[in-house]
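Colleague: One structure, pasted below without further comment.
In this note's numbering, the protein residues as written are 473 to 855.
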């Protein structure tokens, strides 16, 4: 039997300037940027990405772990992941995991394509063929009123088929409460609403706003604190009647273990493009399920993470009684050409999204399709 060895790794730095900036409690976004990676093996190509530090991640891939895994058996992604983390053993921080995430995603994708099966099937089989979604918005604005037009934006999301939303808060305490009042007055109590503070609060401010949220029936409050404030999250987790969600900024299963052990989380949110890839996401998901916690992927950036996260979310148990209803798949409803590399994201009339049962992640991508957004490109191969 011929081993499908890794023959080539390509890195694409992609950028897309946004027509209007978006904001959260700590940042303003004026462009979309990511590192998209392809891995070629066995006559197939798989795709991965990372987005938080794309330039630094490319340096690690082309200068270190990429050359080291050339020739490796692409049908053994876990073994390759282990070799990559050992090679970078003196630095297992965020950027290391970002680089590994992009490669690991692409290796799992190509491994599934070689076997002509979906990624979910390659990982054991999808439990769900469609997933309940939520619109990840509205965002804050950069003008004089950060909360402008949130109600009409939500009306637009509902017209597109979404039936749950996650709005950004944290710019001002009183304005947070005012916009929540407006949303409940306009849409009633049945609209599932989540809120995201994007790490922008102090412990004092977080405790104050979380104390007000039960009146609005919020499903979960995401990232009220900095991601490394385990003690603060534990304090909030024991006091807050609103479930606390976090995890998108954590790298590696051990970081999740610490928060879960501290009873700090009610919802676990790994980002497959940041946490360590598919391999580490599966460990995090198993940890969350073992503690009776829902695992809801954080999905941001491009079609690559969208397609991969769909396959992973489909593996989660359906209908578990976690104590509150949970839309399980995040979709960015704002303009984003990089999220349409595989075509426009289609939401069904009931607010669900179908999980493709095609080889790999089901994403059809190539260098030509990336070309309008590619600012630079590099590669490593066996020659």
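Glycine included, C-beta positions come from ideal geometry on N, C-alpha and C.
Going by the CB atoms, is the gap between residue 529 and residue 574 shorter than 8 Å?
Modeller: yes
Colleague: Nearest-angstrom Cα distance between residue 739 and residue 719?
Modeller: Cα-Cα distance, rounded: 9 Å.
Colleague: Restricting to Cα atoms, I'd like to know which of 765, 733 and 590 is closest to residue 836.
Modeller: 590
Colleague: What do you reckon, are the CB atoms on residue 790 and residue 485 nearer than 8 Å?
Modeller: no
Colleague: For residue 794, I'd like the list of residues in its chain whose CB is within less than 6 Å of its CB, leaving aside the five on either flank, ordered along the chain.
Modeller: Bear in mind that a pLDDT of 45 at residue 794, under 50, signals an unreliable position, so the model cannot answer this.
Colleague: Which same chain residues, not among the five before or five after residue 565, have their C-beta less than 8 Å away from its C-beta?
Modeller: 723
Colleague: Do residue 607 and residue 594 have their CB atoms nearer than 8 Å?
Modeller: no
Colleague: With DSSP run on the structure shown, which of helix, strand or coil describes residue 796?
Modeller: Residue placement at residue 796 cannot be trusted, given a pLDDT of 47 that sits under 50; what the coordinates show is reported in the next sentence. The DSSP-derived three-state label of residue 796 is coil.
Colleague: Quick check: what's the CA-CA separation for residue 751 versus residue 667?
Modeller: 29 Å
Colleague: Could you give the first and the last residue of the continuous beta strand (DSSP E) run that contains residue 602?
Modeller: 602 to 607
Colleague: Relative to the C-alpha of residue 634, which residue among 840, 822 and 846 is closest?
Modeller: 822
Colleague: If residue 711 sits next to residue 697, beta carbons under 8 Å apart, how far is it from one beta carbon to the other, in whole angstroms?
Modeller: With a Cβ gap of about 13 Å, residue 711 and residue 697 do not count as contacting.
Colleague: Going by the CB atoms, is the gap between residue 495 and residue 613 shorter than 8 Å?
Modeller: The answer is yes: Cβ separation under 8 Å.
Colleague: The beta strand (DSSP E) with residue 478 in it runs from where to where?
Modeller: Under the DSSP assignment, residue 478 falls in the beta strand (DSSP E) whose first and last residues are 478 to 495.
Colleague: Could you check if residue 854 is buried or exposed, using at least 16 other CB atoms within 10 Å of its CB as the buried criterion?
Modeller: exposed
Colleague: With contact counted as at least three CB pairs below 8 Å, one residue from each stretch, are the region 618 to 625 and the region 644 to 658 in contact?
Modeller: yes
Colleague: Just list the alpha helix (DSSP H) runs in the region 530 to 599, keeping only unbroken ones of 4 residues or longer that don't cross its boundaries, in chain order.
Modeller: Within the region 530 to 599, the complete alpha helix (DSSP H) runs of at least 4 residues fall at 538 to 541, 549 to 559, 566 to 586 and 591 to 594.
Colleague: Kindly indicate the opening and closing residues of the beta strand (DSSP E) around residue 504.
Modeller: Unbroken beta strand (DSSP E) run through residue 504: 500 to 513.
Colleague: Tell me residue 803's beta-bridge partners as DSSP assigns them.
Modeller: 607
Colleague: Thinking just about the alpha-carbon of each residue, which of 493, 726 and 734 is nearest to the one in residue 742?
Modeller: 726
Colleague: Using the DSSP secondary-structure output, state which residues sit across from residue 717 in a beta bridge.
Modeller: 694 and 739
Colleague: Which word fits residue 500, buried or exposed, when buried means at least 16 other C-beta atoms lie within 10 angstroms of its C-beta?
Modeller: An exposed status is given to residue 500, since fewer than 16 other beta-carbon atoms sit within 10 Å of its beta-carbon.
Colleague: I think residue 642 touches residue 673, with their Cβ atoms under 8 Å apart; what is that distance to the nearest whole Å?
Modeller: 6 Å
Colleague: Could you compute how far the alpha carbon of residue 527 sits from the alpha carbon of residue 746?
Modeller: 14 Å
Colleague: Do you know whose CA, among 689, 690, 688 and 717, lies nearest residue 702's CA?
Modeller: For residue 702, the nearest C-alpha among the options comes from 717.
Colleague: Just checking my contact of residue 669 with residue 497 at CB under 8 Å: how many whole Å lie between their CB atoms?
Modeller: 6 Å
Colleague: Since residue 827 and residue 538 are thought to touch, with beta carbons under 8 Å apart, how far apart are those beta carbons, to the nearest angstrom?
Modeller: Residue 827 to residue 538, Cβ: 30 Å. No contact.
Colleague: Please look up how many angstroms separate the CB atoms of residue 518 and residue 832, rounded, as I've assumed it's under 8 Å.
Modeller: 6 Å
Colleague: To the nearest angstrom, how far is the alpha carbon of residue 493 from that of residue 609?
Modeller: Cα-Cα distance, rounded: 13 Å.
Colleague: Please state the DSSP three-state secondary structure of residue 843.
Modeller: It is helical.
Colleague: Between residue 557 and residue 579, which are expected to be in contact by the criterion C-beta below 8 Å, what is the C-beta distance as a whole number of angstroms?
Modeller: In fact, because the Cβ distance is near 13 Å, the residues do not count as touching under 8 Å.
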